[in-house]
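Contents: one structure, followed by commentary.
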Amino acid sequence: MGVLLMLMTIGGLAVATPLLLFSLITKRTWLTRFTLAGIAIWFVFYGAMLLGFSLTSNERVLAVGEAKEYCGFYLDCHMHTAVTGVRTAKTIGDKQANGLFYIANVKVFSDAKNPNIALHLIEPKARVVLSDGGKIERDLIAESKLPAKGVMLDADIHNNETIEKEIVFDVPATAADAKLLITEGYGIDKTIEHVLIGDEDSIFHGQTFFELKEQNVVAGVK
Numbered sequence: 007m008g009v010l011l012m013l014m015t016i017g018g019l020a021v022a023t024p025l026l027l028f029s030l031i032t033k034r035t036w037l038t039r040f041t042l043a044g045i046a047i048w049f050v051f052y053g054a055m056l057l058g059f060s061l062t063s064n065e066r067v068l069a070v071g072e073a074k075e076y077c078g079f080y081l082d083c084h085m086h087t088a089v090t091g092v093r094t095a096k097t098i099g100d101k102q103a104n105g106l107f108y109i110a111n112v113k114v115f116s117d118a119k120n121p122n123i124a125l126h127l128i129e130p131k132a133r134v135v136l137s138d139g140g141k142i143e144r145d146l147i148a149e150s151k152l153p154a155k156g157v158m159l160d161a162d163i164h165n166n167e168t169i170e171k172e173i174v175f176d177v178p179a180t181a182a183d184a185k186l187l188i189t190e191g192y193g194i195d196k197t198i199e200h201v202l203i204g205d206e207d208s209i210f211h212g213q214t215f216f217e218l219k220e221q222n223v224v225a226g227v228k
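Converting from the sequence shown to the working numbering requires adding 6 to each position, the first position being numbered 1.
Encoded structure:
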């Protein structure tokens with residue numbers, strides 16, 4: 007529904023703009039007022055829907071093995087990620103953590119049916135979110151010391167292919183309830199999704215995180 011309402015908004019503006027210009031040029035005050043009133047009513051309605059969906063949404067924390075779907079503004083919802091295992095370490099190679107290294111094994115996969123279509127995550131970004139709202143970015147130096155250092159999360163895959171990579175975060179030893187957030191999309195995507203009704207990246211919308219707890223057994227994807 008969010009995409010449909012966004013397209014209706016774009017289409018409505020495409021019609022209203024020349025109509026407004028025409029009314030101003032021809033000095034038809036009634037038409038100017040009618041057009042501006044229509045635009046204002048629609049944006050009030052759209053804003054109410056946007057905030058309503060966002061404020062009633064709930065944060066989700068996926069357990070190890072549960073998959074997250076990525077759709078965004080486009081209708082392509084084939085790409086997924088899942089955390090299939092978490093381990094901790096004080097050192098990786100010759101690098102020592104300031105706190106404790108959390109090493110999450112991330113699996114990227116597609117459920118597209120056409121084997122000839124290659125898909126990929128768009129500029130994926132992973133970061134740990136702490137209970138106080140603080141954010142921790144990936145420790146790329148520590149990751150470079152792991153076997154999967156050359157694997158890219160945004161590489162092309164087909165429907166029967168997967169990407170698996172361990173990503174690393176240096177988390178304070180005193181941190182509690184740390185969660186992993188993986189998002190994707192570039193600038194224009196993020197801008198559109200910020201005002202896309204029902205989208206996870208829309209303003210005030212609850213986000214979907216991954217649980218970040220050490221596992222003894224690597225989980226299968228659900």
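For glycine and all other residues, C-beta sits at the position ideal for the given N, C-alpha and C.
From a predicted model like this one, the values you see are computed outputs, not experimental measurements.
Three CB pairs or more closer than 8 Å across the stretch 157-175 and the stretch 109-124: yes
Inter-residue Cα distance where the pair is residue 150 and residue 156: 8 Å
Nearest to residue 126 (by Cα), restricted to the options 142, 13, 37, 76: 76
Neighbour-count burial assignment, residue 205, 16 or more Cβ in a 10 Å radius: buried
Integer Cβ distance of residue 74 from residue 188, believed to fall under 8 Å: 7 Å
Proximity winner among 146, 27, 46, 128, relative to residue 98 (alpha-carbon distances): 146
Alpha-carbon to alpha-carbon, residue 163 and residue 202: 27 Å
Beta bridge counterpart(s) of residue 91 as assigned by DSSP: 111
The stretch 29-37 contacting the stretch 54-65, beta-carbon criterion three pairs below 8 Å: no
Given 8 Å, three or more beta-carbon pairs between the stretch 90-97 and the stretch 206-215: no
Pair within 9 Å by beta-carbon distance, residue 87 and residue 153: no
Residue 161 in three-state terms, based on DSSP: coil
Classification of residue 216 by the beta-carbon crowding that lies within 10 angstroms, buried from 16 upward: buried
Proximity test, residue 93 beta-carbon vs the ligand ZN heavy atom, cut-off 8 Å: You won't find the ligand ZN in this model; it holds no ligand whatsoever.
Close Cβ partners of residue 211 (< 6 Å) along its chain, the five nearest in sequence each way excluded: 60, 63
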